[in-house]
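Residue numbers (full-length UniProt numbering): 1 to 1000. All residues carry an ideal CB built from backbone N, CA and C; glycine is no exception.
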Amino acid sequence: METLKRKAPDGPAPADNASPLKAPRADAAEPPARTTLAAAEPIACVHDVSYPEGYDAAASASRVLAGGAEGYEPAKKFPFQLDPFQAEAIRCLDNGESVMVSAHTSAGKTVVALYAIAMSLRNQQRVIYTSPIKALSNQKYREFKEEFSDVGLMTGDVTIVPNASCLVMTTEIWRSMQYKGSEIMREVAWVIFDEVHYMRDRERGVVWEESIVMAPKNSRFVFLSATVPNAKEFADWVAKVHKQPCHIVYTDYRPTPLQHYVFPSGGDGLYLVVDEKGRFREDSFQKALNALVPATGGDKKKENGKWQKGIVAGKSSEESDIFKMVKMIIQRQYDPVILFSFSKRECEFLAMQMAKMDLNEDDEKANIETIFWSAMDLLSDDDKKLPQVSNMLPLLKRGIGVHHSGLLPILKEVIEILFQEGLIKCLFATETFSIGLNMPAKTVVFTNVRKFDGDRFRWLSSGEYIQMSGRAGRRGIDQRGICILMVDEKMEPSTAKMMLKGSADSLNSAFHLSYNMLLNQMRSEDGDPEKLLRFSFYQFQADRALPDLEKQIKELESDRNSMVIEEEESLKDYYDLLQQYKSLKKDVRDIVLSPKHVLPFLQPGRLVRILYSTYESATFSIDENVTWGIIINFEKVKSNGEDRRPEDSDYTVDVLTRCSVSKDSSGKKTMKIIPLKECGEPVVISLPLSQIDGLSSIRMYIPKDLLPVEARENTLRKVEEVLSRFAKDGVPLLDPEEDMKVQSKSFRKATRRIEALEGLFEKHDIRGSPHIQQKLKVLHAKQELSAKIKSIKKTMRSSTALAFKDELKARKRVLRRLGYVTSDDVVEVKGKVACEISSADELTLTELMFSGILKDATVEQMVALLSCFVWQEKLQDAPKPREELDLLFYQLQETARRVANLQLECKVIQIDVESFVNSFRPDIMEAVYSWAKGSKFYQIMEMTQVFEGSLIRAIRRLEEVLQQLILASKSIGETELEAKLEEAVSKIKRDIVFAASLYL
1 METLKRKAPD GPAPADNASP LKAPRADAAE PPARTTLAAA EPIACVHDVS YPEGYDAAAS
61 ASRVLAGGAE GYEPAKKFPF QLDPFQAEAI RCLDNGESVM VSAHTSAGKT VVALYAIAMS
121 LRNQQRVIYT SPIKALSNQK YREFKEEFSD VGLMTGDVTI VPNASCLVMT TEIWRSMQYK
181 GSEIMREVAW VIFDEVHYMR DRERGVVWEE SIVMAPKNSR FVFLSATVPN AKEFADWVAK
241 VHKQPCHIVY TDYRPTPLQH YVFPSGGDGL YLVVDEKGRF REDSFQKALN ALVPATGGDK
301 KKENGKWQKG IVAGKSSEES DIFKMVKMII QRQYDPVILF SFSKRECEFL AMQMAKMDLN
361 EDDEKANIET IFWSAMDLLS DDDKKLPQVS NMLPLLKRGI GVHHSGLLPI LKEVIEILFQ
421 EGLIKCLFAT ETFSIGLNMP AKTVVFTNVR KFDGDRFRWL SSGEYIQMSG RAGRRGIDQR
481 GICILMVDEK MEPSTAKMML KGSADSLNSA FHLSYNMLLN QMRSEDGDPE KLLRFSFYQF
541 QADRALPDLE KQIKELESDR NSMVIEEEES LKDYYDLLQQ YKSLKKDVRD IVLSPKHVLP
601 FLQPGRLVRI LYSTYESATF SIDENVTWGI IINFEKVKSN GEDRRPEDSD YTVDVLTRCS
661 VSKDSSGKKT MKIIPLKECG EPVVISLPLS QIDGLSSIRM YIPKDLLPVE ARENTLRKVE
721 EVLSRFAKDG VPLLDPEEDM KVQSKSFRKA TRRIEALEGL FEKHDIRGSP HIQQKLKVLH
781 AKQELSAKIK SIKKTMRSST ALAFKDELKA RKRVLRRLGY VTSDDVVEVK GKVACEISSA
841 DELTLTELMF SGILKDATVE QMVALLSCFV WQEKLQDAPK PREELDLLFY QLQETARRVA
901 NLQLECKVIQ IDVESFVNSF RPDIMEAVYS WAKGSKFYQI MEMTQVFEGS LIRAIRRLEE
961 VLQQLILASK SIGETELEAK LEEAVSKIKR DIVFAASLYL
């Protein structure tokens, strides 16, 4: 085992702990609408303010702030000088006005939250702090509890001092309290929304919008966000909804500047590509790419059935790039380091590459062992023997850690504590580690430049890169933070520049309707679904876009009206016929060239007619551009799921033809097919089936070795000779019906229509018109403009009308048909049950409850069945449930199918019946059934191939669903079912699955 020692730094150590320059505080008066404070350029901040319509902004701006008043005493004093953005935000709070603070990770936004809490407690007011995840709520509770005594916690899992003046909770709990009209609501003076940029989350973002719209009208807000370019737009929305000013304090300042390096796979050094001043060094980036040794087929690894390139696979640990990287980081004193990976399995695989590395001294190992077993003492003896527990300690003692959602929650928290204590030098983590408590490192490494987003592998977005790279650099300790991008494939400089220097992701609404939302709105005393939609950020952004859309329409209409064409009506008729003709020709091609018909005829040597594009054809042409080539080979493509065209059916044909070859700005070759007689190079190019126009009945001999350019040139000359021989009557083509045996009604119908159209072309009165090609191009451009105008007008209509209006009507129809509400929108008994269910599909679960299935099943069977509502992951080899569970699952599927079909009948958009039914998964039914029966955790882990943390999360969410069903049963007087559900909770709520958080 290699014990790595750090090199002594060269020369005198930099004054890493030197405090940054501070801007003097100007307390005199409210800044104007936009103020840039730039006493020291690097730490400038922008202060802007949004006022509601009709608000006396001048009077507000002239008012002297509390900070400037005589005898002013701040609610909290900090043992350090505040940064300008912190001071500005606190002045807004002292003035009793809402503020949005938009700053980088680790910039110190929590200071503003602490001040808001201190101010509320001083004024004997109630303050709510909301966070996106339970783990962060637990951590913040611990942090605030150390600072203030009157703090409570509500996460769904845990409730501590629910009547405290400062309540920490998840945003979902806050929304639930708003719908239930909790007494606390009337006492809330301030609401702090941490990580408010979560509002753009596709699934959960809507919770933030609901919570903000429904917040008490007399409350004030603190919004803490990562940097977002449209913070002003968000503040304008808050000001409009709550009829109060909302300040924006924005800073791009990083307390510790960052340097961005590239480490090319197979290389042996780092290349500085963005310096601490933010300058992109393209020459250095090109050098890094030139040093890249691309991954070969053997260097790829498979995960969940998806192939992806890897930095490490296929090499012994000491030869791997990751080992070399960590070794260099430790020797150069760049630790602690966080290495971000985008898969749980890869995190663990990479950590295992460090098997021969030891980064800790003996006293550090002893401290780790003490902390580890102190935490594990909460577990039973059986749980202490879990492989994840026993395998992790040796790794941690060597200063190496792993952090991902598949870990046992208690293990994750131990690793967080060890990392904060400086006992873990090298942490392999997924991107969830970039959210939450301030846990910075000196260095951040990205082990991949691509991530799988559920549909395809794509480049990291600049927003994702900004969020994760923000963990680099510890304030007051490091002079600069270091980010290293491990690159294992060629990438364009523009792509890298966009990733490393691009702007943060905009804060865009992810609002969507749900039945739970509608029912709670209908049941609530002041609720109104249409009002919620009208005040949503989605509607606000749609309304904001209208002036720009109107301007676009005027410009497009002006361009279109300036196009004057002779004989336009007649020409338009001819144009429409041509478009029909081209569409039918494509239909015929798709049928004839489908793999089942065409594959037997793709023999080497066959002449093939291929489509190619030119600038002219990109606008409009009567005839399609075709040229000839000769087939060399064909193959089935192993698609990686990105940029794949389904119509090509995963086959490509290698064709020798003529191409013009050039290089783009990055030196990459680009090839464009040209006619054989033009000047170009003979190239074998891979084409999709959709680019083939026809197959000739002629086959030619082709040389075995086509690598020499002379061999390719001679072959193309022979092709040209064949073409000239058939110049008069045309090259004979394979007949689809006679030769290729295409027997399709669609094919015959399309060919008959093509023949009819050809007859119409012959007789058309405009056919002989001079300059017809040019006139058609102008008409085509005019039609394109008309299509754009139509599309923009459609967008405007949907914007000016209430967003989701049609979907709202459709969902209300569903609720009436199922008997959840009356025709007057009064919530019925079934509706009251669905109101309580927010952690599972409310309609399917309510229908299941009223069908009697939950009553008839045993407690263990019921719990197993409900697990299908909370398990999201797709498992490859999940065990089939036992017969009685399988029967229950079939009843669940039938209920789900009935609910989905009804939504389809009522025209609810975005409902695919089979996808909806398949979203209920039976993969952990057996494991949950055994857990409810009293099995040990290690026993249920043997039943299924899932991560321990994933299974624990599912069972905890299952307990949430049971608690919601208990409330639902109570609300309708179902005492028998209520007792059964409470028994179910007592059977699953035990041992390691519900071990208390170390932060509590």
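Practice task
Determine the closest residue to LEU706 out of LEU757, ASN633 and ARG767, with distance taken between C-alpha atoms.
Solution key: Reading the sequence shown from its first residue, position 706 is the one you call residue 706. Among LEU757, ASN633 and ARG767, the Cα nearest to that of LEU706 is on ASN633.
Problem - Residue burial classification, CYS679 (beta-carbon count within 10 angstroms, cutoff 16) - result: By 1-based counting over the sequence shown, the position of residue 679 is 679. With fewer than 16 Cβ atoms within 10 Å of its Cβ, CYS679 is classed as exposed.
Problem - PHE221, DSSP secondary structure in three states - result: Taking the first residue of the sequence shown as 1, we reach residue 221 at position 221. Strand, per DSSP.
Exercise for the section: Note down the Cα distance separating SER583 from ARG753, rounded to an integer number of angstroms. Expected result: Locating residue 583 in the sequence shown gives position 583, counting from the first residue. Locating residue 753 in the sequence shown gives position 753, counting from the first residue. Rounded to the nearest whole angstrom, the C-alpha separation of SER583 and ARG753 is 11 angstroms.
Handout entry: Beta-carbon proximity list for ARG220, same chain, < 6 angstroms, skipping 5 on both sides
Key = Along the sequence shown, one-based indexing puts residue 220 at 220. Answer for ARG220: SER98 and TRP190, listed in chain order.
Practice task
Assign SER986 to one of three DSSP states: helix, strand, or coil.
Solution key: For the purposes of this step, residue 986 is taken as the residue at position 986 of the sequence shown. The DSSP-derived three-state label of SER986 is helix.
Exercise for the section: Whole angstroms is fine: what's the gap from ASP363's alpha carbon to MET941's? Expected result: Along the sequence shown, one-based indexing puts residue 363 at 363. Along the sequence shown, one-based indexing puts residue 941 at 941. Roughly 35 angstroms separates the two Cα atoms.
Exercise for the section: Quick one: residues in its chain with C-beta nearer than 7 angstroms to the C-beta of ASP157, no 5 flanking neighbours on either side, listed in chain order? Expected result: Counted from its first residue, the sequence shown places residue 157 at position 157. Taking C-beta separations shorter than 7 angstroms and ignoring five residues to either side along the sequence, the partners of ASP157 in its chain run LYS134 and ARG956, following chain order.
Handout entry: Integer-rounded CB distance, given that LEU848 should sit under 8 angstroms from LEU904
Key = The residue given as residue 904 occupies position 904 in the sequence shown. The residue given as residue 848 occupies position 848 in the sequence shown. Not really, about 19 angstroms apart at Cβ, beyond 8 angstroms.
Practice task
Ignore the nearest five residues each way along the sequence and tell me which others in SER613's own chain have a CB closer than 7 angstroms to its CB.
Solution key: Working through the sequence shown from its first residue, we reach residue 613 at position 613. Beyond the five residues adjoining it in sequence on each side, SER613 comes within less than 7 angstroms, by CB distance, of ASN625 in the same chain, given in chain order.
Handout entry: DSSP three-state assignment for VAL653, whether helix, strand or coil
Key = Against the sequence shown, residue 653 aligns to sequence position 653. Correct three-state label for VAL653: strand.
Handout entry: Residue span of the beta strand (DSSP E) that contains ARG606, given as start and end
Key = Stepping through the sequence shown from its first residue, residue 606 is reached at position 606. Note, ARG606: beta strand (DSSP E), 606–611.
Exercise for the section: Could you round the C-beta distance between LEU656 and THR715 to whole angstroms and report it? I think they count as a contact, below 8 angstroms. Expected result: One-based indexing of the sequence shown puts residue 656 at position 656. One-based indexing of the sequence shown puts residue 715 at position 715. Yes, they are in contact, since the Cβ atoms of LEU656 and THR715 sit about 6 angstroms apart, within 8 angstroms.
Problem - Proximal residues to ILE702 (C-beta, below 8 angstroms), its chain only, five neighbours per side dropped - result: Here residue 702 is taken as the residue at index 702 of the sequence shown, counted from 1. Close CB contacts of ILE702 within its chain, under the 8 angstroms cut and outside five residues either way in sequence, are with PRO604, GLY605, ILE630, ILE632, LEU656 and THR715 (chain order).
Problem - Straight-line gap, PHE85 to CYS92 (C-alpha atoms, nearest Å) - result: Here residue 85 refers to the residue found at position 85 when the sequence shown is read from its first residue. Here residue 92 refers to the residue found at position 92 when the sequence shown is read from its first residue. For PHE85 and CYS92, the gap between their C-alpha atoms comes out near 11 angstroms.
Practice task
Just tell me which of THR944, ARG813 and ASP559 has its CA closest to the CA of LYS907.
Solution key: Taking the sequence shown and counting its residues from 1, the one referred to as residue 907 is at position 907. That would be ARG813, whose Cα lies nearest to the Cα of LYS907.
Exercise for the section: Would you check whether the ligand FAD has a heavy atom nearer than 7 angstroms to the C-beta of ALA239? Expected result: The ligand FAD is not part of this structure, which contains no ligands at all.
Exercise for the section: Measure the alpha-carbon distance for ASP654 versus LEU607 and round it to whole angstroms. Expected result: Reading the sequence shown from its first residue, position 654 is the one you call residue 654. Reading the sequence shown from its first residue, position 607 is the one you call residue 607. In this structure, the alpha-carbon of ASP654 lies about 12 angstroms from that of LEU607.
Problem - Proximity of VAL228 and HIS197 at Cβ, strictly below 8 angstroms - result: Start at 1 with the first residue of the sequence shown, and residue 228 comes out as number 228. Start at 1 with the first residue of the sequence shown, and residue 197 comes out as number 197. It is a contact, given that the beta carbons lie within the stated cut-off.
Handout entry: GLY481 classed as buried or exposed, judged by whether at least 16 other C-beta atoms fall within 10 angstroms
Key = Numbered from its first residue, the sequence shown carries residue 481 at position 481. GLY481 should be labelled buried.
Problem - Simplified DSSP state of LEU602, which is helix, strand or coil - result: As a position in the sequence shown, residue 602 is number 602, starting the count at 1. LEU602 falls in the coil class under three-state DSSP.
Handout entry: Sequence-distant residues of its chain with Cβ nearer than 8 angstroms to GLU793 (five each side left out)
Key = For the purposes of this step, residue 793 is taken as the residue at position 793 of the sequence shown. It should be noted that the sequence gives Lys, not Glu, for residue 793. Correct list, in chain order: ILE553.
Practice task
Pair every Cβ in the region 191–210 with every Cβ in the region 502–521, then say whether three or more of these pairs are closer than 8 angstroms.
Solution key: Counting Cβ pairs under 8 angstroms, three or more are found: they touch.
Exercise for the section: Please look up how many angstroms separate the CB atoms of LEU386 and PHE937, rounded, as I've assumed it's under 8 angstroms. Expected result: For the purposes of this step, residue 386 is taken as residue 386 along the sequence shown, with counting starting at 1. For the purposes of this step, residue 937 is taken as residue 937 along the sequence shown, with counting starting at 1. Right, the Cβ-Cβ distance comes to about 7 angstroms (below 8 angstroms), so this counts as a contact.
Exercise for the section: Return the residue from the list GLN333, GLY267, GLU319 and LYS217 that minimises the CA-CA distance to GLN353. Expected result: Within the sequence shown, the letter at position 353 stands for residue 353. For the residues GLN333, GLY267, GLU319 and LYS217, the minimum Cα distance to GLN353 belongs to GLU319.
Handout entry: Alpha-carbon spacing of LYS109 relative to LYS880, whole angstroms
Key = On the sequence shown, residue 109 is found 109 positions in, with the first residue counted as 1. On the sequence shown, residue 880 is found 880 positions in, with the first residue counted as 1. For the pair LYS109 and LYS880, the Cα-to-Cα distance works out to about 49 angstroms.
Exercise for the section: Determine contact between the region 387–396 and the region 437–447, defined as no fewer than three beta-carbon pairs at a distance below 8 angstroms. Expected result: No, because fewer than three Cβ pairs between the region 387–396 and the region 437–447 fall closer than 8 angstroms, the two stretches do not touch.
Handout entry: C-alpha distance - VAL112 paired with ILE435, whole-angstrom precision
Key = Taking the sequence shown and counting its residues from 1, one reaches residue 112 at position 112. Taking the sequence shown and counting its residues from 1, one reaches residue 435 at position 435. Taking the straight line from one Cα to the other gives about 18 angstroms.
Handout entry: Where LEU82 sits in the DSSP three-state scheme
Key = What you label residue 82 is simply residue 82 of the sequence shown in a count that begins at 1. Taken through DSSP and simplified to helix, strand or coil, LEU82 comes out as coil.
Problem - Those residues which DSSP pairs with GLY629 across a bridge - result: Your numbering for residue 629 matches position 629 in the sequence shown. GLY629 is bridged to VAL608.
Exercise for the section: Specify the secondary structure class of GLU41 as computed by DSSP and reduced to three states. Expected result: Against the sequence shown, residue 41 aligns to sequence position 41. Because the pLDDT at GLU41 is just 42, under 50, the model does not fix this residue reliably, and the point stays unresolved.
Handout entry: 8 angstroms contact criterion, which LEU998 and VAL414 should meet: CB distance rounded
Key = Stepping through the sequence shown from its first residue, residue 998 is reached at position 998. Stepping through the sequence shown from its first residue, residue 414 is reached at position 414. Indeed, because the Cβ distance is near 7 angstroms, the residues count as touching under 8 angstroms.
Practice task
Return the chain-ordered list of same chain residues with a C-beta closer than 7 angstroms to the C-beta of ALA896, the five sequence neighbours on each side being excluded.
Solution key: Translated into the one-based positions of the sequence shown, residue 896 becomes position 896. Answer for ALA896: THR844, PHE916, VAL917 and PHE920, listed in chain order.
Problem - Distance between THR495 and GLU172 (C-alpha atoms, nearest Å) - result: Numbered from its first residue, the sequence shown carries residue 172 at position 172. Numbered from its first residue, the sequence shown carries residue 495 at position 495. For GLU172 and THR495, the gap between their C-alpha atoms comes out near 37 angstroms.
Problem - Beta-carbon spacing of SER211, VAL487 below 8 angstroms - result: Locating residue 211 in the sequence shown gives position 211, where the first residue counts as 1. Locating residue 487 in the sequence shown gives position 487, where the first residue counts as 1. Going by C-beta atoms, SER211 is not nearer than 8 angstroms to VAL487.
Handout entry: Burial state of VAL946, where buried means 16 or more other Cβ atoms lie within 10 Å
Key = Residue 946 sits at position 946 when you count from the first residue of the sequence shown. It is buried - the Cβ of VAL946 has at least 16 other Cβ atoms within 10 Å.
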